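Below is one structure, written out as C-alpha cells; the observations come after it.
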Amino acid sequence: MKKNFIYNLKEYAIKNDVPIINDEGLEFLLELIKTHNVKTILEIGTAIGYSAINMAHLDTKIITVERDYFMYEQAINNIKESNLEENIKVIYAEALELEITEKFDLIFIDAAKAQYQKFFEKFKINLNENGIIVCDNLNFHNLNINEVSRGTRQLLKKIERFKEFLENNDEFATTIYNVGDGISVSKRRMK
Ligand code: MG
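Mapped onto our numbering, the consecutive letters of the sequence shown carry residue numbers 118 to 308.
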C-alpha cells in the first residue's frame, strides 16, 4: 500500500513535469539520514511532497517549505493520504522570507537553483552542531552550457558559482557527490 502510493506519486510527477529527486539521489539521501542518525529535517522546496514522504518513512520529523500554492496543496493532500501528518509540516511561504527558530539535523535544499547560496547562508543557523546541509541538482541534468537557452545558461553559471562558494567556505566542509543529479553534503568544520 505504502509502496504503491509512493510509486503512483512518482509516476504523477514524471507525467506532469514536477521536479522530483531521482531514484539514485533519493537512495543516497535516505542513506545519509540513516548514517547521520537524522531525526529532524528542514526541507526547502516541497514540490508535491515526494522526498518529504520518503524521508518521513524513516521516522523523521520534517518541516518543509513551498512557495507555489498549487504544489503546496498537492503536498498537503499527499501527506494526508500517506498518514504522515504527524511527521511532516508543510509551510506555504517564500523560504527567504521565512523566520524559523528551530534547529535541525538535516537541511535539504531542493528549491530555486539560482538562490542556493542565499538559502544556504540563511538557514545555516538552523543547523544543529553536527548536522548536515544537503543540496540537490548540482549537476543540473548534465546540460551542456553551450547548448542551452540564455536563461538556462545563467542558471548553470549560478550553480557553478554556488559550487565555488562551497569549495571556498571557511565554515563548512563540503563533498559533492556525482550521484543522482549531483548532491552536496556540507558539515561544519571543526574549530
Ligand atoms: Mg531536485
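Here a beta-carbon is modelled for each residue, glycine too, at the ideal position from N, C-alpha and C. What you are looking at is a predicted structure, and each value in this text was computed from that prediction instead of being measured.
Determine the direct distance from the alpha carbon of L146 to that of D140, and round the result to whole angstroms.
10 angstroms
Count the other CB atoms, across all protein chains shown, that sit within 10 Å of the CB of D253; report buried if there are 16 or more and exposed otherwise.
buried
Tell me, please, whether the region 172 to 182 touches the region 127 to 142 by the rule of three or more beta-carbon pairs shorter than 8 angstroms.
no
Nearest candidate by alpha-carbon position, reference I180, set F187, I170 and Y186
I170
With a threshold of 16 other CB atoms inside 10 Å of the CB of S168, please say whether the residue is buried or exposed.
buried
With C-beta atoms as the reference, is N243 less than 8 angstroms away from E219?
yes
Count the other CB atoms, across all protein chains shown, that sit within 10 Å of the CB of G268; report buried if there are 16 or more and exposed otherwise.
exposed
Distance cut 5 angstroms, beta-carbon to ligand 1 heavy atom: residue list by chain order:
D227, D253 and N254
Spatial distance of Q234 from N154 (CA atoms):
26 angstroms
Since D298 and H258 are thought to touch, with beta carbons under 8 angstroms apart, how far apart are those beta carbons, to the nearest angstrom?
6 angstroms
Give every residue of the same chain whose Cβ lies closer than 6 angstroms to the Cβ of T292, excluding the five residues on either side of it in the sequence, and list them in chain order.
V302
Could you say which of L213, Y209 and M307 lies nearest to E238 if we only look at CA atoms?
L213
Would you tell me roughly how many angstroms separate the C-alpha atoms of N286 and V182, rounded to the nearest one?
25 angstroms
Need the endpoints of the alpha helix (DSSP H) that E198 sits in, please.
Y186 to E198
Taking buried to mean at least 16 other C-beta atoms within 10 Å of its own C-beta, is R184 buried or exposed?
buried
Sequence ranges, alpha helix (DSSP H) only - wholly within the region 119 to 143, length at least 4
119 to 132
So, at 8 angstroms on beta carbons, what are the nonlocal neighbours of Y294 in its own chain, with the 5 sequence-adjacent residues on each side left out?
F145, I300, S301 and V302
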